[in-house]
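Step one of this worksheet: look at the structure below.
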Amino acid sequence: MSDSRRRIPHLRRWLIALPLAAAGLAFAYLDSADAAEAASRPAAETHGASAVAAPGDPLDTVRERLAAKLGATKAPNTPNPYVLRVTSKGGAGGAPEEGRHATSASAHGSTVAMATRPEEAARPAATHGPVHWDYAGAEGPERWAELDPAYAACANGKRQSPIDIRDGIKVDLDPVQVDYHPSTFSVVDNGHTVQVNVAPGNFIETMGRRFELVQFHFHRPSEERIDGKQFDMVAHLVHKDVSGRLAVIAVLLERGSAQPVVQRIWNNLPLEHGDEVRASGTIDPAALLPAERRYYTYMGSLTTPPCSEGVLWMVMKNPVPVSAEQIGVFSRLYPMNARPLQSASGRLIKESN
């Protein structure tokens, strides 16, 4: 008999012995853990609680005992149903890095979770989304800064938006150079407003800087006021330059005739919060702007958390009409999604002649 054939029985014995040895180590660990738990409980609790290994495959028994320790249940009629997965307690961005060992993750604030179906192991571990905020109640504007340290500017900022625009200094402001064109778009109901995402390639130029349109969205009623007057709605067109600075054009909307761009957006409204509809055809953002483009300008902030400052605002002086029906459609989704007025704090406001 050759040497290779003599080795086969030995290899088989090793293949059988290795799982049994692993099972023995796991049982030893579980028994020691059970003993420690029993010692820490009153006698009445631990009476009759000693574990008895069920007959069958030792590895299956180990899985079942691990599941019991971790509070999972066995899914019926599934082979090897217990899958260990490491998830993070750290919130967004806190999931374990790819390839990190479970022992390392556990040592840094992670917990071991049990998936009851094998297919769950292929799914990424869930992480917490952004902190929820609202326009009323316990998560309303007065409490935004308390919801997350990143929202501190909502209470402590010195140049917050929106403001009541009064006493603007009339000067010869250069017109905002608008380079918009028909673009593909999608409509998102993000839970705070209806937002329109447009394809790249739409720009404005103002004050020697070039900004690209990223998205626009709506508020009801208008967040901005002009000499105390509030309008039915407002559209905010959000732009960003290559360095990340933001510029927002605010288009005031008041009751009148129907607005074609608004109607095109309403035709593509998602059915559910969080959904996105990729519309067929294109939309021209320029058609949302007033024909006469004189404006007010000042430095302010985002009007939603995190209320970041350093935002260049350009508020069109002339409102654009929208129909009562179009206002009503948005009102059914968001009857009120406007941040209260913020202090102007002596800021310089410039106004086109």
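All residue numbers for the sequence shown refer to this note's numbering, where the first residue is 69 and numbers rise by one. Glycine is no exception: its CB is placed at the ideal position from the N, C-alpha and C atoms.
Should Glu344 be labelled buried (16 or more other beta-carbon atoms within 10 Å of its own) or exposed? For the purposes of this step, residue 344 is taken as residue 276 along the sequence shown, with counting starting at 1. The residue is exposed, with fewer than 16 neighbouring Cβ atoms inside 10 Å.
Mind pulling the alpha helix (DSSP H) runs of 4 or more residues that sit fully within the segment 287–358? 328–334
Quick check: the Cα distance between Lys308 and Pro373, rounded to an integer number of angstroms? One-based indexing of the sequence shown puts residue 308 at position 240. One-based indexing of the sequence shown puts residue 373 at position 305. About 17 Å.
Let's test the definition: count the other Cβ atoms within 10 Å of the Cβ of Gln245 and tell me whether it reaches 16, buried, or not, exposed. Sequence index remark: in the sequence shown, residue 245 carries index 177 (1-based). Exposed, since its Cβ has fewer than 16 Cβ neighbours within 10 Å.
If you draw a straight line from the C-alpha of Arg234 to the C-alpha of Gly296, how long is it? Mapped onto the sequence shown, residue 234 falls at position 166. Mapped onto the sequence shown, residue 296 falls at position 228. So the two alpha carbons sit approximately 8 Å from each other.
Can you tell me which of the three DSSP states Trp212 falls into? For the purposes of this step, residue 212 is taken as the residue at position 144 of the sequence shown. Trp212: helix per DSSP, three-state reduction.
Looking at Leu320: is its Cβ nearer than 8 Å to the Cβ of Phe299? The count along the sequence shown starts at 1 and reaches residue 320 at position 252. The count along the sequence shown starts at 1 and reaches residue 299 at position 231. Closer than 8 Å, so yes.
If we ignore side chains and look at the alpha-carbon of each, how far apart do Gln331 and Gln394 end up? Taking the sequence shown and counting its residues from 1, the one referred to as residue 331 is at position 263. Taking the sequence shown and counting its residues from 1, the one referred to as residue 394 is at position 326. Rounded to whole angstroms, Gln331 to Gln394 spans 7 Å at the Cα level.
From this set, Asp216, Gln263, Phe253, which residue's C-alpha is nearest Arg490's C-alpha? The first residue shown for the chain is 69 and the last is 421, placing residue 490 beyond what the model contains.
Leu339 burial status per 10 Å Cβ neighbour count (16 or more: buried): By one-based count along the sequence shown, residue 339 stands at place 271. Flag for Leu339 reads exposed.
Please look up how many angstroms separate the CB atoms of His249 and Asn265, rounded, as I've assumed it's under 8 Å. Reading the sequence shown from its first residue, position 181 is the one you call residue 249. Reading the sequence shown from its first residue, position 197 is the one you call residue 265. Not a contact, Cβ separation roughly 16 Å.
Determine whether the Cβ of Gly414 lies closer than 8 Å to any Cβ atom of chain B. Within the model displayed, chain B is absent; a lone protein chain is all it includes.
Just mark Asn405 as buried or exposed, buried being the case when its beta carbon has 16 or more other beta carbons within 10 Å. To locate residue 405, count along the sequence shown from 1; it is residue 337. Buried: at least 16 other Cβ atoms inside 10 Å.
My guess is that Val256 and Phe398 are in contact by the Cβ rule of under 8 Å, so how many angstroms apart are they, rounded? Indexing the sequence shown from 1 puts residue 256 at position 188. Indexing the sequence shown from 1 puts residue 398 at position 330. Val256 to Phe398, Cβ: 14 Å. No contact.
Test item: CB-CB of Val316 and Val390 under 8 Å: As a first step, residue 316 must be located in the sequence shown, where it is residue number 248. As a first step, residue 390 must be located in the sequence shown, where it is residue number 322. Not a contact, by the Cβ cut-off of 8 Å.
Under three-state DSSP, which class holds Ile395? Along the sequence shown, one-based indexing puts residue 395 at 327. Helix at Ile395.
Kindly indicate the opening and closing residues of the beta strand (DSSP E) around Asn265. Looking up residue 265 in the sequence shown gives position 197. Residues 262–266.
Per DSSP, the bridge partner or partners of Leu281: Residue numbering aside, residue 281 sits at position 213 when the sequence shown is read from its first letter. For Leu281, which the question treats as bridged, DSSP gives the partners His307.
Would you report the Cα separation of Ala267 and Gly342, rounded to the nearest angstrom? Position 199 of the sequence shown holds residue 267. Position 274 of the sequence shown holds residue 342. Their backbone Cα atoms lie some 20 Å apart in a straight line.
Helix or strand or just coil, what does DSSP make of Tyr219? Residue 219 sits at position 151 when you count from the first residue of the sequence shown. Helix at Tyr219.
Can you give me the Cβ contacts of Gly236 inside the same chain, cut-off strictly under 7 Å, excluding the 5 residues immediately before and after it? Within the sequence shown, the letter at position 168 stands for residue 236. If we look at Gly236 and ignore the five residues flanking it on each side, its Cβ neighbours are Tyr364, Ile417, Lys418, Glu419.
Pick from Cys375, Glu207, Gly312: whose alpha carbon is nearest that of Arg423? Any answer about residue 423 is impossible in this case: the structure gives the chain only from 69 up to 421.
Rounded to whole angstroms, how far is the Cβ of Gly290 from the Cβ of Gln410, which I believe are closer than 8 Å? One-based indexing of the sequence shown puts residue 290 at position 222. One-based indexing of the sequence shown puts residue 410 at position 342. Gly is not the amino acid found at residue 290; the sequence shown has Ser there. Their Cβ separation, rounded to whole angstroms, is 14 Å, which puts Ser290 and Gln410 out of contact at 8 Å.
Output yes or no for whether 8 Å exceeds the beta carbon distance between Arg400 and Lys385. Along the sequence shown, read from residue 1 onward, the residue named residue 400 stands at position 332. Along the sequence shown, read from residue 1 onward, the residue named residue 385 stands at position 317. No, the pair does not count as a contact, with Cβ atoms beyond the cut-off.
Return the residue from the list Gly349, Asn336, His304 that minimises the CA-CA distance to Val282. Sequence index remark: in the sequence shown, residue 282 carries index 214 (1-based). Nearest option by C-alpha distance: His304.
Among Thr274, Arg415, Thr371, Asp232, which residue has its Cα nearest to the Cα of Gly208? Taking the sequence shown and counting its residues from 1, the one referred to as residue 208 is at position 140. Answer by Cα proximity: Thr371.
Neighbourhood of Ala354 by C-beta, 7 Å cutoff - its chain only, sequence neighbours within 5 removed: Along the sequence shown, read from residue 1 onward, the residue named residue 354 stands at position 286. Val246, Tyr248.
Could you check whether Leu356 and Val424 sit closer than 8 Å to each other, using their CB atoms as the reference points? Since the first residue shown for the chain is 69 and the last is 421, residue 424 is missing from the structure and cannot be characterised.
Does DSSP classify Glu273 as helix, strand or coil? As a first step, residue 273 is located in the sequence shown; it is residue number 205 there, counting from the start. Reduced to three states, the DSSP call for Glu273 is strand.
Contacts around Pro328, its chain only, beta-carbon distance under 6 Å, and the 5 residues preceding and following it disregarded: Residue mapping note: residue 328 aligns to position 260 of the sequence shown, counting from 1. Counting only Cβ-Cβ distances below 6 Å, and skipping sequence neighbours, we find nothing.
Residue range of the beta strand (DSSP E) that includes Ile237: Position 169 of the sequence shown, counting from 1, holds the residue named residue 237. Ile237 -> beta strand (DSSP E) spans 237–239.
In chain order, what residues of the same chain have a beta carbon less than 7 Å from the beta carbon of His200, not counting five sequence neighbours either side? As a working note, residue 200 is residue 132 in the sequence shown. Only Glu207 meet the Cβ criterion.
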